[in-house]
Each structure stands twice: as C-alpha cells, then as structure tokens.
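Below is one structure, written out as structure tokens, with a few remarks after it.
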Amino acid sequence: MHDARQARSGTSARGFTLIELLVAIAVMALLSLVSWRGLDSMSRATTQNQQRADAVLTLQATLAQWGSDLDAVATLAQTRPIDWDGRVLRLTRRGSDTTAPSMLVVAWTLRPGPDGLRWRRWQSLPFTTRGEWQQAWNLAAAWSQDGGTQTGGASDTALMPVESWQLFYFRDNSWVPASQLPSVAPNPNNPAGPVIAMPDGVRLVLSLPPGDGLSGTLTRDWVRPTVGSPKS
C-alpha cells in the first residue's frame, strides 16, 4: 500500500517533458509572429491612409488657390493679365485685402528643390502703379528661371510633387495648347484696357508621380465667370 501511494504521488508530481516544452515554446513563438505581422500590417495601412489623406488635403488647398488666382485676375492700363511662356504662368490679380485695394503678380511653375520636383507658387508684394507691376512681372520671370534671388520681398511656396504640367486655353469654341495670346487692338473708347485679353477658359493638366499618396493625371478646368461652360 505504501509503495502504491508513492507511485501515485510521483505520477501526479511529474512535470512537462522536454518535447512538450519545445512544442509550447514553438506555439508561443508562432502566435507572437502572427501578432507582430498583424500589428505591422495595421501600422502600414494607417500610415498609408494618413499619407493619402495629407496628399488629398494638399491637393485641395493647392487647386483652391489656383482657382482663386484665376478668379481674381484683373487689368491695369497697358498690362498683361495672363502670360504663359511654356515654363511659368504669370497672372495679374487683385489683392485679397479689401480694406486696402491693391494688385498682385502671382506666378506658377514646376521647379526642383531640396524636397524634389514640386509645383510652386510665387506672389509679389502688393502694388498700385504700372511701374510697380512691371517690376513684379520681371521678378516673377526671373524667379521661374533660377529661383530669383532678388525677390523684392515676394513669397515662394512649394506646394505639391508634380512630374509635369500642361495648360490649354479655351478660344474660338475649342481647347488649344496655351501659347502667347494675341494683342488686343487699341480701343479709343478704352485706352486703359490690357494689351491682351483673357481666354474664356484655362485647362490645367497635372501628372502626379507614383507614391503612397495620389498619382496619375489630374485635369482641372477654369471658366471665366462671364462665359458659359466650355465644351469638353
């Protein structure tokens, strides 16, 4: 009887065998690996979603500014409201400060920088005379070529990554590649008019680089407020 109790006691106190321990360790390691991969996938998905959301917000803000610049285009006597030379788009627009009416020259171009190839916007200081307009107009052209070290207090903002961009004007009831606009014939009844006329519409085509945010081709049409919607 005594030997039988000792045998039962030894059996009940027996621990895990080496094989059982190895199996348990392997199962725990597998569970840890699966859990880590799941967390890593969730983290990557969250990062990608955030990058895409940031890219969408940047795009929306940039296109809103683009539309605002075109909506505010105005004229001074013997000036150009718009000019495209294949590299930079320059615009003469009204200032946004209604308490102190003034004019601005803004420019858009694609230029490389420390943060890569980006679409950029330049804005002059406010002005009120034709002489100041000419100075700002020339500064905008210089900025598009070499960064314009002499900015005259103007602002230069890097907006978003872009591979290439194209512009089209809506003229004579069709979209045509943007080019130098023809001069306006002198009008004795309006000697203070611009030297060229605004096109009825401006089509912007952006090629966005591949990445974690937005990519592909984006087209945005702007129509002069006094004109009906152009045909596609």
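At position 136 of the sequence shown (counting the first as 1) the number is 386 in my numbering, and the numbers step up by one without a gap.
Cβ coordinates follow ideal geometry from the N, Cα and C atoms, glycine included.
Inset, instruction - Excluding the 5 residues preceding and the 5 following P427 in the sequence, name in chain order all residues of the same chain whose CB lies nearer than 7 Å to its CB. - result: F418
Inset, instruction - Let me know the secondary structure DSSP gives A308 once reduced to three states. - result: Note that residue 308 is Thr in the sequence shown, not Ala. In the structure shown, T308 sits in a helix (DSSP, three-state: H, G or I).
Inset, instruction - For the stretch 372-437, list the alpha helix (DSSP H) runs that are entirely contained and at least 4 residues long, ordered along the chain. - result: 380-396
Legend entry - Residue span of the beta strand (DSSP E) that contains V484, given as start and end: Look at the range of the chain in this structure, 251 to 482, and you will see that residue 484 is not part of it.
Legend entry - Endpoints, the beta strand (DSSP E) within which V356 is located: 353-363
Inset, instruction - Would you mind stating whether M353 and W316 have Cβ atoms separated by less than 9 Å? - result: no
Inset, instruction - Using beta-carbon positions only, say whether V338 and S429 come within less than 9 Å of one another. - result: no
Inset, instruction - State whether the stretch 458-469 contacts the stretch 339-358, with contact taken as three or more CB pairs (one from each stretch) at a distance under 8 Å. - result: no
Legend entry - Given 8 Å, three or more beta-carbon pairs between the stretch 273-285 and the stretch 360-372: no
Inset, instruction - Can you give me the Cβ contacts of L375 inside the same chain, cut-off strictly under 6 Å, excluding the 5 residues immediately before and after it? - result: G403
Legend entry - Whole-angstrom distance between F377 and A350, CA atom to CA atom: 10 Å
Inset, instruction - Output the distance between the C-alpha atoms of R470 and Q385, rounded to the nearest integer angstrom. - result: 30 Å
Legend entry - Delimiting residues of the beta strand (DSSP E) encompassing S346: Counting along the chain, S346 falls outside any beta strand (DSSP E), and DSSP gives it neither H nor E.
Legend entry - Status (buried if at least 16 other CB within 10 Å, exposed otherwise) for V355: buried
Legend entry - Whole-angstrom distance between L281 and A257, CA atom to CA atom: Unreliable placement is indicated for A257, whose pLDDT of 47 sits below 50; the coordinate value is still reported in the next sentence. Using only the alpha carbons, I get a separation of about 37 Å.
Legend entry - Bridge partner(s) assigned by DSSP for R370: T359, A408
Inset, instruction - Measure the C-alpha to C-alpha separation of V306 and A392 and round it to an integer number of angstroms. - result: So the two alpha carbons sit approximately 31 Å from each other.
Legend entry - Exposure label - A390; buried when at least 16 CB within 10 Å: buried
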